[in-house]
Every structure is written in C-alpha cells, then in structure tokens.
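K.L.:
Structure provided below as structure tokens; questions to follow.
There are 2 protein chains.
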Amino acid sequence: MGRSVSDVGEPKESDIVSHTSSHRQRDNVKAVHKVGLPTRKKLGTEFKETVKETFFHDDPLRPFKGQSKGKKVLLGLRAVFPILEWGRRYNFSKFRGDLIAGLTIASLCIPQDIGYAKLANLEPQYGLYTSFVPPLIYAAMGSSSEIAIGPVAVVSLLLGTLLRDEIDPDKHPTEYRRLAFTATFFAGVVQAGLGLFRLGFVIEFLSHAAIVGFMAGAAVTIALQQLKGLLGIGKFTKKTDIIRVMQSVWGAVHHGWNWQTILIGLSCLAFLLVAKYIGKRNKRLFWVPAIAPLLTVILSTFFVYITRADKKGVAIVNHIRKGVNPSSADKIYWTGSYTQTGFKIGLVAGLVALTEAVAIGRTFAAMRDYHLDGNKEMVALGTMNIIGSLTSCYIATGSFSRSAVNFMTGCRTAVSNIIMSLVVVLTLEVITPLFKYTPNAVLAAIIINAVLGLIDFEAVVKLWKVDTFDFLACMGAFFGVIFVSVEIGLLIAVAISFAKILLQVTRPRTALLGNLPGTNIYRNVEQYPEATKVPGVMVVRVDSAIYFSNSNYVKDRILRWLIDEQEKLEENKLPKINFVIVEMSPVINIDTSGIHALEDLYKSLQKKGIQLALANPGEQVVAKLHAADFIERIGQDKIFLTVKDAVAAFGGKPVPSV
Amino acid sequence: MGRSVSDVGEPKESDIVSHTSSHRQRDNVKAVHKVGLPTRKKLGTEFKETVKETFFHDDPLRPFKGQSKGKKVLLGLRAVFPILEWGRRYNFSKFRGDLIAGLTIASLCIPQDIGYAKLANLEPQYGLYTSFVPPLIYAAMGSSSEIAIGPVAVVSLLLGTLLRDEIDPDKHPTEYRRLAFTATFFAGVVQAGLGLFRLGFVIEFLSHAAIVGFMAGAAVTIALQQLKGLLGIGKFTKKTDIIRVMQSVWGAVHHGWNWQTILIGLSCLAFLLVAKYIGKRNKRLFWVPAIAPLLTVILSTFFVYITRADKKGVAIVNHIRKGVNPSSADKIYWTGSYTQTGFKIGLVAGLVALTEAVAIGRTFAAMRDYHLDGNKEMVALGTMNIIGSLTSCYIATGSFSRSAVNFMTGCRTAVSNIIMSLVVVLTLEVITPLFKYTPNAVLAAIIINAVLGLIDFEAVVKLWKVDTFDFLACMGAFFGVIFVSVEIGLLIAVAISFAKILLQVTRPRTALLGNLPGTNIYRNVEQYPEATKVPGVMVVRVDSAIYFSNSNYVKDRILRWLIDEQEKLEENKLPKINFVIVEMSPVINIDTSGIHALEDLYKSLQKKGIQLALANPGEQVVAKLHAADFIERIGQDKIFLTVKDAVAAFGGKPVPSV
C-alpha cells in the first residue's frame, strides 16, 4: 500500500501492466496481471451479436440444432401449436382438473362478459362471443396452461373510451361496432407482429409500478361507472373522470335513484364480498367466491321474474341475441380513414392487452417453474385476436381474476379454456333467453367485485417502502386515470417509465471512494463511513456507462467533486490533491462522446497539475479507449487493474484507522 | 481461499457481515467489514436531491451564498449580463485583438449572409439583418468569448425546408416571411425557456455521432443546391435529396448551363480552396482563407460590372434593400393556425441551432479552460432570437467556421461580435448598392467552400475505429439527409440516439467471472483469458442497473449462463454448479421489478438446489433489497463484501494456475 512511485518505476513494457502485490502487507502472493485488451470484433460480428442478444437472447432455435429436416418441420409445428406437444401426454387425470377449472371459470366469465361488453359500449352478446373463439385459438397456440382468455375489464373500458372519442355508439351503433372489429383486427396484427419480429421487449418499457397504478385507477373508474347500474341512475355522464361521475351520482340523488335497484344491487354486492372474504379466510373454500357470481345472477333473475320488479324501474338486460358468433369479416374497415383510426386504437388497446396477458402468463409460469417465451405468446394472442375480429369478437386477453381461479381450481392445461368456451357456446345457443330478467344492478355488483381485485394495495405499500420513484410513477398513473381519463393515465404511466430510464442515463451517480481499514478494498465513503480517504489522492467512481447523454455531466461532476474536496482540505490545512483515480468498474461501456469527455477531463486536470488514472476499465471500454488513442495519451502506466494498485503507484497511503 | 463453510460458520449477528481475511494466504490483515446499509432517506430529501442533481448539478447559486442583498442583486445582474463582469476588466490590448477578429469575421459573414438567406428562401438583406441585432444581444448576455453569432448554413437550410412545406415562398412571399419571423420568435422562446427552467440537458440527447452525420449530410445537400448558382441553371428542383438534385443538374446539361457563370464560379471556388489550403499548410497565413471570400466578391463584382456579363446570362444579386432592420413585431402571427405551425418549426430549428451553438461554446471554452453554463447560454441565445424576430431577423446561432476564425485571429471577448455587427450596419447603410453586380455564382462558391468545412472526415474515421454503433448512427443521419430530406435525417439522428440508450437499458451485458491466478480478484473470463473459474461455483456479473426494462432479461440471461455452463461441465464430467454468486458492483440501482426478478431467480435456483449469493451490492441496492425483505429472504449471510468472500464462504477453491 505505502509503496512510493519510485518503487514501482515507470513500466517499460508497452503493455498495460498492473501489479497486484503489495510489499508492506507481506502478501506472499505475487502476480502480475494485465488489464485485458480484447481483440476488436469485426463490424459484422458485433452487429450479429447485438442482434442476437436483442432479439434472440432466449435462443429459441436451440432445439432445432442438429435435427433432420423432417424433425425440424415437426418441431416447428409443435412450436407454433404447443397443443401437439402437450396433447400427446394428455390423460384423464389432467382432464378432471381441467373440467372442474373450466366449468368454474365459465360460471365466472358469463356474467362478467355481459357486463364488460357494456364497458366497451357493445351489446351483451359480444362479450360472450369473445369468450368463445379466442380461448379456442389460444388453447391450440398458447404456451401458458393457467391463463384464462376472454374480455377483461380494463381493456374493455379503454377500448370503449377510445372508440367513443371517434364514433358515438348511441347514434351510430353499426359504425361503432365496425370500428371495434377493425381495432380488434389491428390489435391482433400488432400483437402477432411484435412476436413474429421478436420485438416483444417493447412491452417491458411499461414498468410494473406504472401498471399497478394504471390498473388501480382503471378499477376505481370502472367501479364508479357501475354506480349507474347499482343505484339505478337514468342520466349518467359519458366521461370517466371521478369528478364528473360523482356529480352525476349526487345530481341524481333526489329523483334518479331507484330503491328496488339499490336493494338488489347492494345485497348482491354484499353477498359477493362475503363470499370473497370466506374464500380468503379458508383456502379450501376457494370455490365459494368462484361460483358466487353465477349464483347471484340466477337468484336475482329469478327474483325479478317473480316480483316483476322491472315494472318498478329496475333495469334489466332484456335481450341477448341467441346463437353463436356471426362472421364479421365484411364489417372491418379495410380502407378509408377509419382504417387508420382503427389501427391507432388497436395499437394502444392491443399493447395494454398484451402487457396484461404476458404479465399473467409469466406470474403463473414462475409459480409452476416453466419457461414462457414471450414472443411466442404474442403470436398466439395476436392470432387469436385477428381470428376473433373476423368472428364478431372484440379484444380478448388474459384475465387476472379468472386465471387465478383457473389455477386454484386445479387446471392442468389449456383444455380448461376449451371447456369454458364450450359452456359459453351452450349458453349462447340455449340459455341466453333466460338472461332477459337479469337486473343490470347484479351485473354492476359483479363487475365492482371483480375489479376491486385489480387494486393491489400490498404492491403499492411495497413500492412506497422500496422505491420512491416507482411509487411516484404508480401514483401518477393512478391519479391520471381517475381524475382525467384512461388514455391520459396510460400516457402518464408510459412517460414516467421513460423519464426514469432517461434520468438514469442522464444523471448517473458518482461516489468518492475510501479505503476500508485493514483491507485493499475501496468503497463509497457514504455507504461505508469507516472508509478512509487517501491523502493527496481522490478516488471517484462513476456508476454508469459514459454515453453522449451524460458525458458532459460526468466530467463536470468529477471536477466539482475535486473543487469540493480541495476546499475542504484547504479549510483543514491538509495536503492538496495531486492524483485523481477514476474507478471504472461500473462503467460498462463508453462511446465517442464519453471518450471526448474523458479527454476534456484529462486536459483540465493537466492544467491544474493533477494526474489522472483509470482503475479496472472493462472489456469494451479498454478496447474503445485504445482505439481512440486515449490510453496512449494519458500513458499506459495510468491504467490499473484495481484502485489499490493505482493508489500504490501514486505512493498513496490510506490514513490508518484510529 | 480454500476455507470451508464450517470455518466461517453461519453468522449469528443479524447484521450483514463479510470477512475479508483469508487464512491460507497468510494475510496478516484481518478486518471485518459489513456491507453498508444506509439509513433510508425521506421522500422529500430524496426528491430534493434528485431535482438538484438533475437541474442544478453545476450549483449555479454558489457565488450568491452568504452575500448581502445588494451584492446579490449586483451578482444577479452580472450573471444575466456577463458584459458587466468582463467589461470592467476591458482594456486596449484586448480591444486590439477583438478589432482584428471582428473585422475578419465581418468580411467572412457578409457574403455568407447573403447566400444563407437564399437557403432560407429569404431576400439577401435578411441575412445581413440577422448579423446585426443578434450579435449585439449576445455580446451583452452571452458567456462565450469566441463564438461568432449570425445566420448559419444548416439552420438556414432546415428553416427554409420546414417553411416551404407550409407556404410557397415564390407565391406568397409576405406570408412566408411572416411565418419565418414567427418561427424565429418561438425558437427564441424555446431556447430561453429551456435555459430558464434549467432543462438544457435535453440537447444532450442528440448524440455527437448523430450530429456529425447530420452536419455532413446537410453540408453535402447545401453544396449540391449551390450547383444551381455555380452552373447557372435556370430550372432547378425545390427538393433537397441528392437524386432529384442530380436529375436537375443533368437535365439542364444541354441547354441550362451557362459557361460564363461556370467560369466565374469555378475560378472563384478554385481560388477559395487554394486559399484554404494555404491557410492549413501554414498556420501563420490563417488570414488568407479568412479574407479570400470578400476578395472574390469584390473582384468578381468588378469583373461583371466591367464586362456586363449579366447581359450574357450571368445571374447577379441585383438588389439588396438599403438601410437597417425594420421592425417586424407586427408581422409575427400571434394568433391563428400559423402560430402553431410557427411554434413547431421554431421548436425544431431552435433546438438544432441550440445544439450547434452550445457545442461551439463548449469546444472553445475547453480550449481556453473556462466553464460555460449551458443553461445561461441558452437564455442568452433565446433572448437574442426573440429580439431578432421583432427586428426582421431569422434564426441566428453560432457559426462553426466563423467562430474558428474569430478564435484564430485573436478575439478576446464578445466585443469582436459588436465590431462585426457595426461593420454589417455600415454595409447595410452604405455599401449594399455595390452588391448589385455580384454574381450569384461567387456566392455559391463561397457557400460550398464554407459548408465543406462541416464535413468532419476525421471524426467519422474515429467513429468507425472506436464505436460501431456511433458510426451507424452517423451514417444513418447522413444518408437520411442526403437521400430523403433534412427533417428525416434529423429524425433518424434523434431516433438512433434514443435507440442506443434504450438498447443499453434493455439488453445490458452480463459476464462470467474467473479468479486471476494468485490474487483475490475476479474478472471477466473473456477479457482475462487467464482467469480461472471456481469449480462448483458460477460467478456472474450484471453490468447495469436492474430496472423494469431489463429485469426479465437479466434473470433469463443468468439462468441461460447456468444452463450453458452445466452443459459444458457435464460434457467434461466436472462437478456441477451448486452456488451462483452475482457480482453486483456495476448494479448501480434496482427497482421493484428488478427485485421481483431477483426473487424469481432465487426461486428458480432453489428448485434446482442451487444457492444464491450477492457480492458488493451498492448503497441504494442494499437499501432497497432490505426494504423489500429480499435480504431476509435469501439470508443475510448470503450478502458479501467481495466475490472472494462469497467464494470462500461457499468453500470454493479456484483451480491453481498451471
């Protein structure tokens, strides 16, 4: 440690040499290692490697390696249709699990579908249609065994809001529906396209924190919207922000509320909440909340039919078109200005749907410890929405609540989705007339009960405890949704996510390092208060790649550390700083602007008579510094393997701990 | 190193403890250090610190600290008008330098101004106007002593292109001019606004590499445009892409070229290039290229006047309005749709102008070793453009070529700009009629000569040598400009710059570490081929903050390393991996998604019977892992100060070097 510069001498070799031994410590190990200088990769090789890591980091073609042609085709087919893979191992024990799970999620989805279709300003049957075709396609192409496919609350609301901005569903229901199918078609195209071109990582840019906030905001918004049905209010705002919704509610307090509706609605809601509570308290009774919705529908429908409460102002579903999905291929706007509008809406809603589905898929895959290929999932989800848009479905995706029930009731494969789909078909063909007397209030209660599950209090508390910035992102998205609109909330969520990334690369942290007494280790003096600075030497660590976006800041910041330190030393009449060592371990990469900044730093320090050294530059950094002749410029003897070596070479000696 | 787990024992303390001593090495130093766990900062404090580092990292209020109120006002005035500061120390010797520099750049700028105004589709006098008012304002408010203010080629071209997309300058010259002033006004507002709100860092997002490509592309485009004047072509395309320009040139080859014009143009260009060559060869003759343009103007004007070549088809300037800038405050579109258009154009052109000016200011500040406050500069540049827009000027900024001449001819302060400005006024008031017979061909030659200097071959070669990605960004911007348009080139430049940042945060590098034989140091096995892996232990380093955008990738990548390593070990019949150590030194931060990914990683490893340990997590990372209870989960004894400690605790023993 306390070796003087003359001890070391100026290295004569043209190589970058670092001595890791230290005499004073009587270290018996003596070894000389050079800072590794990798051979420069060719442009082509480098480009290929970048492309591979960016798009194919999960090595999807691994199983295809060294297989015969026929086998490759078979493997390819199985990759596109995983059902061919798991179908071969399917047996009765699995079917039993899938049957129970499928029946349960069917009983959950039927009332939800009818309610969610309303969120999208569509007639009830479109919700049921969307629970028929897409789950079948997914069962053939998807890789997740637990996800339950169908319409979901948040996407329905988002789609409804975006579509209403373009066409009034009350005045032009046909055009509105056509635009909905167009948007669904493009949502599928976008989803499948992202997967095919292995661009799935774009959805990673919506941070978890922002999603938590967005989901909670959407849940509150949806729940508030349901007050219309729950309280039997006639005139209700079309807007979704909390202020106007509450005005609608209070405005209707004297003449708009219908006590029969309220009675039905609130008692159903109470029943559902109690059922949920029972299920939570006793895990073995998980089936209670799962069948409660269908039970309330049956009971309340029967009640209304008996009492003819609909004559006393209780709004009822009235009519659901009977029969399975009609074709809608001719309804999609293939040309014209609505094509573009449809694409935009499909893009936004499709991405949100994708984010939700992939998040669900990953969660359950992690629980059961299998790997889910995000890009392959996207192709499956996209295809299912493309085919859905041709068969009168709107955007389907994975539902959080139904997937959880699917998992808990013991589903084993995607067959549970097929079962659910078949039950829905049966409903469409046979039972729909029975829904005539179902009061809207019970649907409202079911939706409120379902979306409350989207508010993840625990996650918010964790965000608050763990990461301030994430918490702010979450709150931004939440308040954006409830006070302005779903789109604005989504925009805020995306903007905050990006701002965080940009902030990281624009204003990276820097830290002064000190020696941990009795060791060769140098650590941040703020994190390790016992670390002691080396007199005459300033060791500073840069915590980021040095890129164009932060190169000037990094340079300025190091110079400011120097000024601050010099001032402190002057006050205490201590020897001034003659050496600056930049610890480069966290500097994972550098670009030409970064090298330029280092050159400026070197010049500034030179004018002040201070020497500059770099410790432990990484592979790419050394290669680039070398290519830019910067190493030759500051001297190859100024590049060290560790901070310790650099300090030793400068003759620095940490103040012994007292 | 070869210490077994039982040696260490399970730490009983609830603190995170790491042992840095190692018996076998007979290290005499024994010290126990804990991984520092910082006290968590309050939301307010953390927010304040982030704001400070983001917006006020250069501590602009430092000189105001502890001053009296009167002194503070004075300091504030001096901060806004630096002329009050340096003006007090002004003396004759400085004036001599400024006078010579000012006269030289005036002689350069007058012919350039007339030509550049044409690039912006404005009459020649507007170029001269722009060299009068803005330099005066800048002299009072700017901090750079070397920058030469006025119209510049690239911004003129960009402004001209953007404005022409809205209004045809030939058909509606008045409206076109009004929109130009409106755009200039908003460019100034944007510039000053960014500076006032200390958002100057936004211009850092345009990478140096992209600017080099954009500038070179713009230079080629501008030079090609000048073929119209140089070859005396009558009908010429309004587009700027190389293909249509060359079509115009070849299309006119039989009937459109005028040999008299070509003779004048090419001989002037040859003269200018020779002068430039002389100046480069002999640094003491730097004034030769500086006065050459004015000389060619005078000689060629005289020649045309004598020979009346204009009657033989040589296009001449003909008329420049005499007198100083008229007011244009009433010409700006304060309301209406053109206000918004003007804002958009001003935003784009203003940002490009700002980037250029700040880059120039920084370059020369670094040469003379003084600090330039980017935000203050922006306020000065913005104010100068706002006032310029009210006095018939279009967007002014710093000119690369003229600033270099200003510096070389020995300017000392911004007084050289004042001198230049006064010479321009004199020109406007007295000399403009003399420009009547100046041939357009000589202006074209002067512009070509000037913009060739914007092509920085050396920088491009350096980019190619040093950084592949930067080189691609540069080429993307270059080809975007020359084959499509200036806007598209600019868009490509910005997009590539952002893509680079996003790629960095989405696909960070990871590396396997090995022990450098005979030391305690662990380094990347690819960079240091001599590094040996520890049997049974996989040490992997993650080279980035773990954020939502890369958390899934990082987890997957570590698991893939594991699979790859296991396969290799199995092939060679070596002991399999039981311990995974993640070196966290470069992991400068983590967010909730990142912690989630670590939890998933931990679960996956647990299922495989593999233990997980973290080495040297940083300050923020430890705090967050602690807050999220992750440390409690994997065990506090699994957090180590160094990789060496972790390896020792797992009983690992690096294979001795052969």
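Sequences listed follow chains U and B, in order. Mapping to the working numbering: the first sequence position 422 is 422, numbers consecutive. Mapping to the working numbering: the second sequence position 178 is 1178, numbers consecutive. Where a beta carbon is used, it is the ideal one built from N, C-alpha and C, also for glycine. Note that the coordinates shown come from a computational prediction; the quantities given were computed from them, not determined experimentally.
1) Going by DSSP, what residue range makes up the beta strand (DSSP E) through GLN566 of chain U?
2) For chain B, is any of its Cβ atoms less than 9 Å away from the one on THR355 of chain U?
3) If you count every other CB in all the chains shown that lies within 10 Å of the CB of LEU513 of chain U, and 16 or more means buried, which is it?
4) Compute the Euclidean distance between the alpha carbons of VAL658 of chain U and LYS568 of chain U, then round it to the nearest angstrom.
5) Cutting at 8 Å between CB atoms, please list the residues of its own chain near ALA349 of chain U, excluding the five before and the five after it.
6) Between the Cα of ALA1628 of chain B and the Cα atoms of U:LYS465, U:LEU601 and U:ARG62, which residue gives the shortest distance?
7) With a threshold of 8 Å on Cβ separation, who are the neighbours of LEU179 of chain U within its own chain once the five nearest residues in sequence on each side are excluded?
8) Would you give the residue range spanned by the alpha helix (DSSP H) that ALA1646 of chain B belongs to?
9) Taking CB distances under 9 Å as the criterion, tell me whether ASP456 of chain U reaches chain B.
10) By DSSP, does GLN226 of chain U sit in helix, in strand, or in coil?
11) Look up ALA1660 of chain B in the DSSP assignment and give the residues it is bridged to.
12) Mind checking the stretch 623–651 of chain U against chain B and listing, in chain order, the residues whose C-beta falls within less than 8 Å of any C-beta there?
13) Scan the stretch 573–619 of chain U and note each continuous alpha helix (DSSP H) run of 4 residues or more that stays entirely inside, going in chain order.
14) Mind checking if ASN1417 of chain B is an interface residue toward chain U, Cβ cutoff 9 Å exclusive?
15) Run through chain U and tell me which residues come within less than 9 Å of SER1143 of chain B, C-beta to C-beta.
16) Beta-carbon separation of VAL537 of chain U and PHE579 of chain U under 9 Å?
17) Taking the straight line between their C-alpha atoms, what separation do you get for ILE1016 of chain B and ASN550 of chain U?
18) Suppose you measure from the CA of LYS603 of chain U to the CA of TYR522 of chain U; what does that come to, to the nearest Å?
19) Against chain B, does GLN611 of chain U count as a neighbour if the rule is that its beta carbon must be under 9 Å from one of theirs?
20) What is the rounded straight-line gap between the Cα of THR335 of chain U and the Cα of THR1240 of chain B?
21) Beta strand (DSSP E) containing ASN524 of chain U: first to last residue?
22) Please report whether the beta-carbon of HIS1319 of chain B lies at a distance below 9 Å from any beta-carbon of chain U.
23) For HIS1254 of chain B, go through chain U and note every residue whose CB falls closer than 7 Å to its CB, in chain order.
24) GLY1150 of chain B bridges to which residues according to DSSP?
25) Where DSSP assigns a beta bridge to ILE546 of chain U, which residues make up the other side?
26) Can you list, in chain order, the residues of its chain with a C-beta nearer than 7 Å to that of VAL1643 of chain B? Leave out the 5 residues immediately preceding and following it.
27) Can you list, in chain order, the residues of its chain whose CB lies under 7 Å from that of ALA1103 of chain B, leaving out five sequence neighbours each side?
28) Under 8 Å between beta-carbons, which chain B residues line up against VAL505 of chain U? List them in chain order, please.
29) Report yes if the CB atom of VAL297 of chain U is closer than 9 Å to the CB atom of VAL442 of chain U, and no otherwise.
30) How is PHE1662 of chain B classed by DSSP in three states: helix, strand or coil?
31) Can you confirm whether LYS1322 of chain B, when its beta carbon is compared against all beta carbons of chain U, has any partner nearer than 9 Å?
32) Could you spell out the range, first to last residue, of the alpha helix (DSSP H) harbouring GLN504 of chain U?
33) Helix, strand or coil for ILE1320 of chain B per DSSP?
34) Would you mind sorting MET141 of chain U into buried or exposed? The rule is 16 or more other CB atoms within 10 Å of its CB.
35) Once you ignore the five residues that flank ALA1223 of chain B on each side, which residues in its own chain have a CB closer than 8 Å to its CB?
36) Over what stretch of residues does the alpha helix (DSSP H) that includes TRP287 of chain U continue unbroken?
P.N.:
Reading off the structure:
1) Note, GLN566 of chain U: premise wrong, no beta strand (DSSP E); alpha helix (DSSP H) at 551–571.
2) It does not; no Cβ of chain B falls within 9 Å.
3) Its Cβ being crowded by 16 or more others within 10 Å, LEU513 of chain U is buried.
4) Bear in mind that a pLDDT of 39 at VAL658 of chain U, under 50, signals an unreliable position, so the number given afterwards is only what the model happens to contain. VAL658 of chain U and LYS568 of chain U: Cα-Cα distance of roughly 21 Å.
5) VAL155, LEU158, LEU159, LEU162, ALA183, ALA187 and ILE395
6) Among U:LYS465, U:LEU601 and U:ARG62, the Cα nearest to that of ALA1628 of chain B belongs to U:LYS465.
7) LEU163, GLU166, ILE167, TYR333, TYR338, THR341, GLY342 and ILE345
8) 1643–1649
9) With 9 Å as the cut-off, ASP456 of chain U does not count as an interface residue toward chain B.
10) In the structure shown, GLN226 of chain U adopts coil according to DSSP, grouped into three states.
11) Only positions 1001 to 1658 of chain B appear in this structure, which leaves residue 1660 of chain B out of reach.
12) Residues passing the 8 Å Cβ filter: LYS624, ALA627, ALA628, LEU641 and THR642.
13) List check, alpha helix (DSSP H) in window: 592–607.
14) no
15) For SER1143 of chain B, there are no C-beta contacts with chain U under 9 Å, since the nearest C-beta of that chain is about 15 Å from it.
16) yes
17) With a pLDDT of only 41 at ILE1016 of chain B, under 50, the local geometry of the prediction cannot be trusted, and no value is derived from it.
18) 26 Å
19) no
20) 32 Å
21) 522–524
22) Nearest CB-CB separation between HIS1319 of chain B and chain U: not below the 9 Å threshold.
23) Those do not exist, as HIS1254 of chain B stays about 43 Å from chain U at its closest Cβ, beyond 7 Å.
24) B:THR1397
25) U:ILE590
26) The residues are LEU1513, TYR1522, VAL1539, ILE1581, GLU1583 and ALA1615.
27) A small correction: the amino acid at residue 1103 of chain B is Leu; Ala does not occupy that position in the sequence shown. A distance below 7 Å between beta-carbons, with the five flanking residues on each side excluded, links LEU1103 of chain B to the following residues of its chain, in chain order: ILE1419 and VAL1423.
28) ILE1501, GLN1504 and VAL1505
29) Yes, Cβ-Cβ distance for VAL297 of chain U and VAL442 of chain U is below 9 Å.
30) This structure gives no information on residue 1662 of chain B, because the portion of chain B shown stretches from 1001 to 1658.
31) no
32) 486–506
33) coil
34) buried
35) ILE1447, ILE1448, VAL1451 and LEU1452
36) 287–307
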